[in-house]
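*Asks:* Protein chains in written order, with this note's numbering: chain F, 1 to 87; chain H, 1001 to 1606.
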């Protein structure tokens, strides 16, 4: 397999992992709104459903994007595709 | 001229700017304590900030294509994040969102999840690849990737429908704020707002819009957060409400049941006396009050719409590299998060200020005449944003007898909570900044697509630089005026139009964009079918439901993008597979897009 094909394969698996995490926190957990509300796990004292909609999921998305960017940069470096003159 | 030197000095320049703005706020506060009138403070705030944006817009004027279309591709990561945040957060986010959460609670917070989660899709599926492509506009990518004028024109059509729906709402918002702050009629204020928007973008295109958007972000974030922290602290809830409001949220739930929320209902005859556009609280504050599908379908539409709206995507064309485009998405979302995580806190503080009888500001349970004599009640009642009526005739204001407009939650809460008027002036300037920055991005996205893709690429490919830039500017003014004219008619509310814009963009552009990068087999015929059938079916569904149609799959007029994008995906895949695979050159181009380093695919062939 060519270098480029391998790079793309790794890029694609990173995409799938990223989208899986994204799916859980943007769609998955909201199937269980009522269960989250009844949960005794209350971050900072808020009901879990309320917390996830106004802070939890949002914060996770921010972290997820930076994590994704880091991972992708590692993949690019591994295959020599990173730009040296950057930033 | 602003050149490389300006880019190197950005932190310093904007540091001084922020300091200057804070000094201006303090000066205004001193002026207020010395007796300056509320009206004059409002005028000062709006004209001072708009004046600054105009100066930045003038200083960023340019005669170069690269600067006009993509800010010379040298906007640093973090600053591009700030500019995107301002580009993104519109009058709807700033003025309307906290109000929506105040009235509808959990069900409405799907917008918070949708308007942030979409950035994960932007970062992972699209932004870095489109940056590598090196296009000027989103239809530029579609037109080159798929090939052919038909694909290009289809993309321009979808872009124009979605962005134009969006921009009328933003011009409407600038008009509303300008008319309140400057005390002029709405019909004139709309054009004052338009003039401010055009000053920022006309001379310098994307470069001018970039640097004004950074300035606008700083104003709008200060204007949103300062009152939230202040009110929270004043109420004794702690200086940092995001981590400390759990007791207040629980307290609201107690008060809601004490005041009979959900058990005491208004009769239809009583409700008919309430002015149009005002509402009472009918949904509990923190309870789960909607079906999972309703919540999720709205979130999905907003996420896919985020990834398809061209004015957001084109911000990532301005970064120096693919890597910085990717990181820049993270910074954008971080800056957006600062405001979005505060909106539910503002709704909580606002509600408690009004409801809690233990607070001096609480009005529920007081006598009706007492409430009617409060200064701020009279002001906002006059502005048609507040209303009380003694339905049950007991002389006391009950929870179900108090009505408010959505905008009032952001605009009036500082006054209700007893903050000085200078804060209200600041909030007006912030709302203006939010609406202007988004309108700028949208008008530019439409005008650029028309001037670059329609005029230069199709009508007159031999046009010289000077002529292209003149056409771009003329179109900018025309689009702006068309938007303002429709905004002046006030057909649809701000929030409704914004949500529609997301659905339009999702219907027509989401799959053609994503599959253009991730599916080599996708071809021009498929893309054209996807864009046009997606847009047409989505629009048809909207019209059907608006006219009393029953709908299916629980899809409403706010989530019609689900139908549109489903049709778009199916038709795009089916037509692509039935027709010839893209030629070898196109396949190579897609391969090239997937490699983050090296020259852009389009190179210098603009």
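Cβ atoms here follow ideal geometry from the backbone N, Cα and C, with glycine treated the same way.
Computed from a predicted model, the values in this text were never measured in an experiment.
Strictly below 9 Å CB to CB, what residues from chain F border residue 1136/H?
*Replies:* Chain F residues near residue 1136/H: none, gap ~21 Å exceeds 9 Å.
*Asks:* Can you tell which of 1522/H, 1592/H, 1480/H, 1573/H has the C-alpha that lies nearest to the C-alpha of residue 1191/H?
*Replies:* For the residues 1522/H, 1592/H, 1480/H, 1573/H, the minimum Cα distance to residue 1191/H belongs to 1480/H.
*Asks:* Could you say if the segment 1101-1109 of chain H and the segment 1437-1455 of chain H meet the contact criterion of at least three C-beta pairs nearer than 8 Å?
*Replies:* These segments do not touch.
*Asks:* Assuming the contact rule is C-beta atoms closer than 8 Å, residue 1052/H and residue 1484/H should be a hit. Round their C-beta distance to whole Å, please.
*Replies:* 22 Å between Cβ atoms; not a contact.
*Asks:* Less than 8 Å between C-beta atoms, sequence neighbours within five positions excluded: which residues of the same chain meet that for residue 1197/H?
*Replies:* Same-chain partners within the cutoff: 1171, 1174, 1436, 1439, 1440, 1443, 1480.
*Asks:* Please tell me whether residue 9/F has its Cβ less than 8 Å away from any Cβ of chain H.
*Replies:* Not an interface residue.
*Asks:* Answer with yes or no whether the minimum CB distance from residue 1039/H to chain F is below 8 Å.
*Replies:* No, no contact with chain F.
*Asks:* Counting pairs of beta carbons, one from the segment 1561-1577 of chain H and one from the segment 1535-1551 of chain H, are three or more of them closer than 8 Å?
*Replies:* Touching, yes, given that three or more Cβ pairs across the two stretches are closer than 8 Å.
*Asks:* Is residue 1321/H helix, strand or coil when you go by DSSP?
*Replies:* The answer is coil: DSSP assigns residue 1321/H none of H, G, I, E or B.
*Asks:* Under 9 Å Cβ-Cβ, which residues of chain H neighbour residue 4/F?
*Replies:* What residue 4/F touches in chain H: 1591, 1594, 1595.
*Asks:* Is residue 1571/H near the ligand SAH, going by C-beta to nearest heavy atom under 7 Å?
*Replies:* The ligand SAH is absent from the structure shown, which contains no ligand whatsoever.
*Asks:* What residues from chain F crowd round residue 1288/H, counting only those whose CB sits closer than 8 Å?
*Replies:* Result: 33, 34, 36, 37, 49.
*Asks:* Less than 8 Å separating the beta-carbons of residue 1388/H and residue 1397/H?
*Replies:* Contact flag set, yes.
*Asks:* Examine chain F for any beta-carbon lying closer than 8 Å to the beta-carbon of residue 1102/H, and answer yes or no.
*Replies:* No, residue 1102/H lies away from the interface with chain F (no Cβ there is under 8 Å from its Cβ).
*Asks:* Whose Cβ in chain H lies nearer than 9 Å to the Cβ of residue 57/F?
*Replies:* By Cβ distance, chain H contributes 1112, 1113, 1116, 1117.
*Asks:* List, in order along the chain, the chain B residues whose C-beta lies closer than 9 Å to that of residue 1326/H?
*Replies:* Note that chain B does not occur in the displayed structure, where the protein chains are F and H.
*Asks:* Pop quiz: residue 1232/H and residue 1349/H are said to be a contact at Cβ under 8 Å. What is the actual Cβ separation, rounded to whole angstroms?
*Replies:* Yes, they are in contact, since the Cβ atoms of residue 1232/H and residue 1349/H sit about 6 Å apart, within 8 Å.
*Asks:* How big is the Cα-Cα spacing for residue 1142/H and residue 55/F?
*Replies:* Near 36 Å, if we compare the C-alpha coordinates of residue 55/F and residue 1142/H.
*Asks:* By the 7 Å beta-carbon criterion, what residues does the segment 1333-1353 of chain H contribute toward chain F?
*Replies:* If the cut-off is 7 Å between Cβ atoms, the segment 1333-1353 of chain H has 1333, 1334, 1337, 1340, 1341, 1344 near chain F.
*Asks:* Confirm, please, whether the CB-CB distance from residue 1345/H to residue 1227/H is below 8 Å.
*Replies:* No; because the gap between Cβ atoms is not below 8 Å, this pair is not in contact.
*Asks:* Measure how close the beta-carbons of residue 1497/H and residue 1166/H come, nearest whole angstrom, since I'm counting them as under 8 Å.
*Replies:* About 7 Å separates the two Cβ atoms, so the contact holds.
*Asks:* Using a Cβ-Cβ cut-off of 6 Å (strictly less than) and excluding sequence neighbours within five positions of residue 30/F, which residues of its own chain qualify?
*Replies:* Once the five neighbours on either side are set aside, residue 30/F has no close Cβ partner at all.
*Asks:* Please state whether DSSP places residue 1388/H in a helix, a strand or coil.
*Replies:* Residue state, collapsed to three classes: strand.
*Asks:* By a C-beta neighbour count over all protein chains shown, 10 Å radius and 16 as the cutoff for buried, is residue 961/H buried or exposed?
*Replies:* Since the first residue shown for chain H is 1001 and the last is 1606, residue 961/H is missing from the structure and cannot be characterised.
*Asks:* On the three-state DSSP scale, how would you describe residue 86/F?
*Replies:* Interpretation of residue 86/F is limited by its pLDDT of 46, a score under 50 that renders its predicted location unreliable; no figure is taken from the coordinates.
*Asks:* With a CB to CB cut of under 7 Å and the five nearest residues on each side skipped, what residues in its chain are close to residue 1215/H?
*Replies:* Same-chain partners within the cutoff: 1017, 1052, 1053, 1056.
*Asks:* According to DSSP, which residues form a beta bridge with residue 1404/H?
*Replies:* DSSP lists 1279/H, 1386/H as partners of residue 1404/H.
*Asks:* Can you look up residue 1367/H in the DSSP assignment and give me helix, strand or coil?
*Replies:* Note: residue 1367/H maps to strand in three-state DSSP.
*Asks:* Can you tell me which of 1540/H, 1601/H, 1428/H, 1469/H puts its alpha carbon nearest to the alpha carbon of residue 1220/H?
*Replies:* The residue with the shortest Cα to Cα distance from residue 1220/H is 1428/H.
*Asks:* What does residue 62/F touch in chain H if you count any residue whose Cβ is under 7 Å from its own?
*Replies:* Result: 1330, 1333, 1334, 1337.
*Asks:* With which residues is residue 1539/H paired in a DSSP beta bridge?
*Replies:* BP columns for residue 1539/H are empty, so no partner.
*Asks:* Can you look up residue 1396/H in the DSSP assignment and give me helix, strand or coil?
*Replies:* The answer is strand: DSSP assigns residue 1396/H an E or B state.
*Asks:* Comparing C-alpha positions only, which one of 1072/H, 1319/H, 1299/H sits nearest to residue 1109/H?
*Replies:* When only C-alpha atoms are compared, the closest one is 1299/H.
*Asks:* Give the straight-line distance between the Cα atoms of residue 86/F and residue 67/F, rounded to the nearest whole angstrom.
*Replies:* In this prediction, residue 86/F scores a pLDDT of 46, lower than 50, which makes its location untrustworthy; no coordinate-derived value is stated.
*Asks:* Which residues of chain F have a Cβ atom closer than 9 Å to the Cβ of residue 1323/H, listed in chain order?
*Replies:* Per Cβ cutoff of 9 Å: 69, 72, 73, 76, 82, 83, 86, 87.
*Asks:* Using only the alpha-carbon positions, how far apart do residue 1530/H and residue 1570/H sit?
*Replies:* Rounded to whole angstroms, residue 1530/H to residue 1570/H spans 8 Å at the Cα level.
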